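Quick notes on the structure that follows.
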Amino acid sequence: MAEEQQLFKITIDGITIEVPQGTTVLNAARMIGKEVAPPAMCYYSKLEGSGGKCRTCLVEVAAGSTKDPRPMPKLVASCRTVVMDGMIVKNKTSERVIDARNGIVEYLLINHPLDCPICDQAGECHLQDLGYDHGLAGTRYEFKRRTFVREDIGPYVQLHMTRCILCYRCVYVADQLTDHRVHGILDRGDHSDISTYVSKAIDNDFSGNMIDVCPVGALTDRTYRFKNRVWFLKPMDAHRDCDKCCGKVTLWNRGDEVYRVTARKDPWGEVQEIDGKTAWICNTCRFEKKKASDWTIEGPTKIDRHSVISANHYAEKVQPPDPLNKVLFGRKPLLLMDIHEVSKVNTPDIDLSKIPGPATSTTFIDRDEAKDIEQAEAERLLINDHKELP
Amino acid sequence: MTKKLLLDKVHVEGIRNFDVYRREGGYQSVEKALKMQQDDIVEEVKKSGLRGRGGAGFPTGLKWSFLAKPEGLSRYLVCNADESEPGTFKDRYLMELIPHLLIEGMIVSSYALGSTTSYIYIRGEYDWVSDILDKAIDEAKQNGFLGKNILGSGFDCEIYTHRGAGAYICGEETALLESLEGKRGLPRIKPPFPAVKGVWDCPTVVNNVETIAAVVPIINDGGEAYSKIGVGRSTGTKLISACGNINKPGVYEIDMTISVEEFIYSDEYCGGIPNGKRLKACIPGGSSVPILPANLLLKTAKGETRMMNYESLSDGGFATGSMMGSGGFIVLDEDQCVVRHTLTLARFYHHESCGQCSPCREGTGWMEKVFQKIENGKGEMKDIDLLWDIQRRIEGNTICPLGDAAAWPVAAAIRHFRDEFEWHINNREECLIRNYGLAHYADPLEAVVS
């Protein structure tokens, strides 16, 4: 038996969990669940070295560890901070964190074109989700936004640099999945540009994974561009025998037509791990196998990810007032009576076999009761008349 | 007259040459240090109370003692000569005029840290300084102070200069290491700190030029003697590069016991403000530190005289104090406009932001645009609050201190000179024609000059 791994106790937003040594705060929060997991735009658990850049996952460390319970003075990036035993972290319960996160969303959006209505990523965009959760209703930025010319990098991928939030994920993909990277960040600061060196095409079997890791719509699938909206498509798990990759994908269908093929995603929008390996897919599977007959379909994909499309749960949503009381003027609604309690149909006083012909409503009520109903009806009309007077 | 430790022999004829430097008592500390135990040197530096001269003021001895010493990994000393802070030029002065002092300090420090390969990362724009250092290294090598088996002690050391490409961000220690390795100068996420995992993933110490030079007098005279100079925890001497509206701009070596008032007005140092103008404001430690209006500069909020040392300059926190920083002393007289001045700084930080993390990348550019708007007579009152909001959310939320450095000057300008911003907004046409700012901040102390 190997040496037992030491477990560290960490409390995030009042929920305690034990995690193995070396886990980051963000991953510990993800183990607890969606409610406490900080958002992450640049961190990608499958890409080594990613994270720490977007600063949306900032959390407050209220106590560093049991040994040294001092709080950390600055907010820390949870994706790159390793859990210490007895650490107490505040995420959504900290006003500082929420304020900083609101600020970061504002910074990310000031130069973002907000062209969601025509963006292929809309509906599965992390920035869109983040904007709904933390963004302002309007912008305070009144200057010209930074723009770039659209660029086709290679036969399959189009780059919309204007939408890019410089998370560097696609750079890590090219570094870690493909045999050589031909694109990267050019220039510096807010005029940084992701591009290829001297317009070189990205031509690599795994370059399509850049599209999957892009948190926004900066890198889009040229074979799928403007074909459909993601929320109209039905995701299906499927596989095929592929000599380059694992061949396990999600097909996005509408009717019988396969509109696009992506890798399988986990609830955090990252490519899933299948059999201990990250299920990146190759360009052949992604771009060239667009017929349902190319695939063995396993069944519908369970989408378990918070997204704008599935959300519709706005905080402090104002419910419309119930109009029923107003239109009834305080009367008891006759229609909403439980017919079984009020009516004598089910417990008739008379023997139905003895009456001539079929039973009608008058069969069950005696004369007095019929009079009462008539009178009530008359009164109701009278009240209505009265109410309508000026 | 303060006793000078670093710049004492600067004006000796030909001090740049090895022979003259050696004749004037140079390289004695190497001879002395190589006979000492390595840990004793670290101990001596600890005793001296020397604090990092690059800006943060972290005790150097402590930093050295944090250096991890794992088996089988080499350790490195890197000298941060990427001096790019607006208003700071002390390191250039030192390297240009007395390069052997730095080389001497490098050899002693390398020996103390066990670094057999040490680097001087020098700013790209200092190309001629780099040549001067290269020549000094060559001379030291020829005379047996560098290379294999230095002075027969068995200690090998090589020093290389590495020229940067002119990015301010490469003055941040981890970005410097990235740049040294030949990558983009992007700051690393800490931890791990360079003392554990620095250049080529090996334990590394990064020190400022002046810090390394200060090791020489510490070894020569002993840490005890060094710690007696200065006051409190601000020991030794500090180079201040004074510029702006003063009669005698230049680099001065002070022993941190003089007051700010004396530094500005005495003839030994800055020599007062030219043309009989009055002092309005001052940035005491390089462009990143908060600006202080004259009344808070000369006296602390408690009414004590403000001295030129780490503690006194930071007295009152950022609300009423500032920082020693890297010693770039920028003086503004009554004619200067704080809004335009801060715009210049905001433009600088926007241009130099590396673009790695979002608050700094987007926020610095936004701040510059808002400043341009106010400066060009299109400002609105809400813009001041907007600026405050932007800087507040940058500060502390970034990977490296560049975000803080961009936010602090803006925060301090709004904190202390808010009505000057308001004046720009209320007098849109006037601020375009005559951009003087408000003179009423100017200090009543003008009598000292006249």
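Going down the list, the protein sequences come from chains W and B. Residues 1 to 390, numbered by my numbering, are exactly what the first sequence covers, in order. Residues 1001 to 1450, numbered by my numbering, are exactly what the second sequence covers, in order. Think of the CB as a built atom: it goes at the ideal place given N, C-alpha and C, for glycine as much as any other residue. All values derive from a computational prediction rather than experimental measurement.
Can H160 (chain W) and F148 (chain W) be called in contact, C-beta distance under 9 Å?
Here residue 160 (chain W) refers to the residue found at position 160 of the first sequence. Here residue 148 (chain W) refers to the residue found at position 148 of the first sequence. For H160 (chain W) and F148 (chain W), yes; Cβs fall inside 9 Å.
Close Cβ partners of T1300 (chain B) (< 6 Å) along its chain, the five nearest in sequence each way excluded:
Residue numbering aside, residue 1300 (chain B) sits at position 300 when the second sequence is read from its first letter. Within the same chain, T1300 (chain B) has close Cβ partners R1306, D1315 and G1316.
Considering Cα atoms alone, identify which of W:L7, W:N204 and W:C57 is closest to A174 (chain W).
Taking the first residue of the first sequence as position 1, residue 174 (chain W) is located at position 174. It is W:N204.
Just by C-beta distance, which residues in the stretch 1350-1366 of chain B are closer than 8 Å to chain W?
H1350, H1351, E1352, S1353, C1354, G1355, Q1356, C1357, S1358, P1359, R1361, E1362, G1363, T1364, G1365 and W1366
Assigned secondary structure, K265 (chain W) (DSSP; H/G/I helix, E/B strand, else coil):
Reading the first sequence from its first residue, position 265 is the one you call residue 265 (chain W). Strand.
Given T420 (chain W) as reference, the closest of W:R55, W:N253, W:N209 and W:K265 once Cα atoms are compared
No answer is possible for residue 420 (chain W): the residues shown for chain W start at 1 and end at 390.
With 16 as the cutoff for other CB atoms within 10 Å, does W1128 (chain B) come out buried or exposed?
The residue labelled residue 1128 (chain B) in the question sits at position 128 within the second sequence. With fewer than 16 other Cβ atoms within 10 Å, it is exposed.
Give every residue of the same chain whose Cβ lies closer than 7 Å to the Cβ of G1114 (chain B), excluding the five residues on either side of it in the sequence, and list them in chain order.
Against the second sequence, residue 1114 (chain B) aligns to sequence position 114. Correct list, in chain order: Q1038 and R1075.
Does the CB of G22 (chain W) have a neighbour CB from chain C at under 9 Å?
Absent from the structure: chain C. Protein chains present are W and B.
Closest to C42 (chain W) by CA distance: which of B:Y1168, B:S1358 and B:W1423 is it?
Working through the first sequence from its first residue, we reach residue 42 (chain W) at position 42. That would be B:S1358, whose Cα lies nearest to the Cα of C42 (chain W).
Exposed or buried, what is K326 (chain W) when buried is set at 16 or more other beta-carbons lying within 10 Å of its beta-carbon?
In the first sequence, residue 326 (chain W) corresponds to position 326, counting from 1. K326 (chain W) comes out exposed.
May I ask you to list the residues that DSSP assigns as paired with G1453 (chain B)?
Residue coverage of chain B in this structure runs from 1001 to 1450, which leaves residue 1453 (chain B) outside it and unanswerable.
DSSP three-state label for H1100 (chain B), please.
Position 100 of the second sequence, counting from 1, holds the residue named residue 1100 (chain B). Reduced to three states, the DSSP call for H1100 (chain B) is helix.
Just checking: is the beta-carbon of G1114 (chain B) within a distance shorter than 9 Å of some beta-carbon in chain W?
Taking the first residue of the second sequence as 1, we reach residue 1114 (chain B) at position 114. Cβ-Cβ to chain W under 9 Å: no for G1114 (chain B).
State the Cα-Cα distance for the pair G1271 (chain B) and H1416 (chain B), rounded to the nearest angstrom.
In the second sequence, the residue the question calls residue 1271 (chain B) occupies position 271. In the second sequence, the residue the question calls residue 1416 (chain B) occupies position 416. Straight-line Cα distance between these residues: approximately 26 Å.
Closest to D13 (chain W) by C-alpha separation, out of W:L7, W:D372, W:I32 and W:T23, would be which residue?
Against the first sequence, residue 13 (chain W) aligns to sequence position 13. Among W:L7, W:D372, W:I32 and W:T23, the Cα nearest to that of D13 (chain W) is on W:I32.
C-alpha gap between N312 (chain W) and G138 (chain W), whole angstroms
Counting from 1 along the first sequence, the entry for residue 312 (chain W) is found at position 312. Counting from 1 along the first sequence, the entry for residue 138 (chain W) is found at position 138. Summary for N312 (chain W): the model assigns pLDDT 48, below 50, so the residue's position carries little reliability; its value from the coordinates is reported in the next sentence. Taking the straight line from one Cα to the other gives about 19 Å.
Applying the criterion that 16 or more other CB atoms from any shown protein chain within 10 Å of the CB defines a buried residue, is A359 (chain W) buried or exposed?
Looking up residue 359 (chain W) in the first sequence gives position 359. It counts as exposed.
Distance between L1279 (chain B) and A1447 (chain B) (C-alpha atoms, nearest Å):
Counted from its first residue, the second sequence places residue 1447 (chain B) at position 447. Counted from its first residue, the second sequence places residue 1279 (chain B) at position 279. Caution applies to A1447 (chain B), whose pLDDT of 43 falls short of 50 and renders its modelled position unreliable; the model cannot decide the point.
Measure the alpha-carbon distance for L1007 (chain B) versus I1098 (chain B) and round it to whole angstroms.
As a working mapping, residue 1007 (chain B) is identified with position 7 in the second sequence. As a working mapping, residue 1098 (chain B) is identified with position 98 in the second sequence. Roughly 8 Å between the two C-alpha positions.
Strictly under 9 Å for the Cβ-Cβ distance: is L108 (chain W) near chain B by that measure?
Residue numbering aside, residue 108 (chain W) sits at position 108 when the first sequence is read from its first letter. So yes, L108 (chain W) belongs to the interface.
Going along the chain, which unbroken runs of the alpha helix (DSSP H) with 4 or more residues stay wholly within the stretch 30-117 of chain W?
95-110
Are the C-beta of A100 (chain W) and some C-beta of chain B separated by less than 9 Å?
In the first sequence, residue 100 (chain W) corresponds to position 100, counting from 1. Closer than 9 Å to some Cβ of chain B, the Cβ of A100 (chain W) qualifies, so yes.
Just to confirm the assignment: which complete alpha helix (DSSP H) runs, minimum length 4, are found wholly within the stretch 1250-1288 of chain B?
1260-1265
Can you grab the Cα-Cα spacing for the pair E257 (chain W) / G154 (chain W), in whole Å?
As a working note, residue 257 (chain W) is residue 257 in the first sequence. As a working note, residue 154 (chain W) is residue 154 in the first sequence. Approximately 25 Å, taken between the alpha carbons.
Cutoff 9 Å: T56 (chain W) Cβ touching any chain B Cβ
The residue given as residue 56 (chain W) occupies position 56 in the first sequence. T56 (chain W) counts as touching chain B.
Does N1245 (chain B) have its Cβ less than 9 Å from a Cβ in chain W?
Counted from its first residue, the second sequence places residue 1245 (chain B) at position 245. No, N1245 (chain B) does not count as interfacial toward chain W.
Give me, in chain order, the residues of the same chain whose beta-carbon lies closer than 7 Å to that of L108 (chain W); leave out the 5 immediate sequence neighbours on both sides.
Stepping through the first sequence from its first residue, residue 108 (chain W) is reached at position 108. Excluding sequence neighbours, L108 (chain W) sits near L127 and I165.
Would you mind reading off the limits of the beta strand (DSSP E) that contains W1423 (chain B)?
The count along the second sequence starts at 1 and reaches residue 1423 (chain B) at position 423. W1423 (chain B) -> not in any beta strand (DSSP E); alpha helix (DSSP H) instead, spanning L1402 to N1426.
With I202 (chain W) and I194 (chain W) assumed to form a contact (beta carbons below 8 Å), what rounded beta-carbon distance in angstroms separates them?
The residue labelled residue 202 (chain W) in the question sits at position 202 within the first sequence. The residue labelled residue 194 (chain W) in the question sits at position 194 within the first sequence. The Cβ separation is near 11 Å, so there is no contact.
Where the beta strand (DSSP E) through M236 (chain W) begins and ends
Numbered from 1 along the first sequence, position 236 holds the residue referred to as residue 236 (chain W). It spans K234 to H239 - the beta strand (DSSP E) in which M236 (chain W) sits, taken as one unbroken run.
Alpha carbon of I1246 (chain B) to alpha carbon of G1363 (chain B), nearest angstrom
Start at 1 with the first residue of the second sequence, and residue 1246 (chain B) comes out as number 246. Start at 1 with the first residue of the second sequence, and residue 1363 (chain B) comes out as number 363. Rounded to the nearest angstrom, the two C-alpha atoms are 33 Å apart.
Determine the chain W residues that contact G1396 (chain B) at a beta-carbon separation under 7 Å, and present them in chain order.
Locating residue 1396 (chain B) in the second sequence gives position 396, where the first residue counts as 1. Those within 7 Å of G1396 (chain B) in chain W are K74 and L75.
Near V1370 (chain B), what residues of its chain come up, given a Cβ to Cβ distance below 7 Å and the 5 sequence neighbours on each side ignored?
The count along the second sequence starts at 1 and reaches residue 1370 (chain B) at position 370. Counting only Cβ-Cβ distances below 7 Å, and skipping sequence neighbours, we find D1383, L1386 and L1387.
Flag D1389 (chain B) as yes if its beta-carbon sits less than 9 Å from any beta-carbon of chain W, otherwise no.
Against the second sequence, residue 1389 (chain B) aligns to sequence position 389. Output row for D1389 (chain B): interface = yes.
Neighbour-count burial assignment, G22 (chain W), 16 or more Cβ in a 10 Å radius:
On the first sequence, position 22 is the one that residue 22 (chain W) refers to. Its Cβ having fewer than 16 others within 10 Å, G22 (chain W) is exposed.
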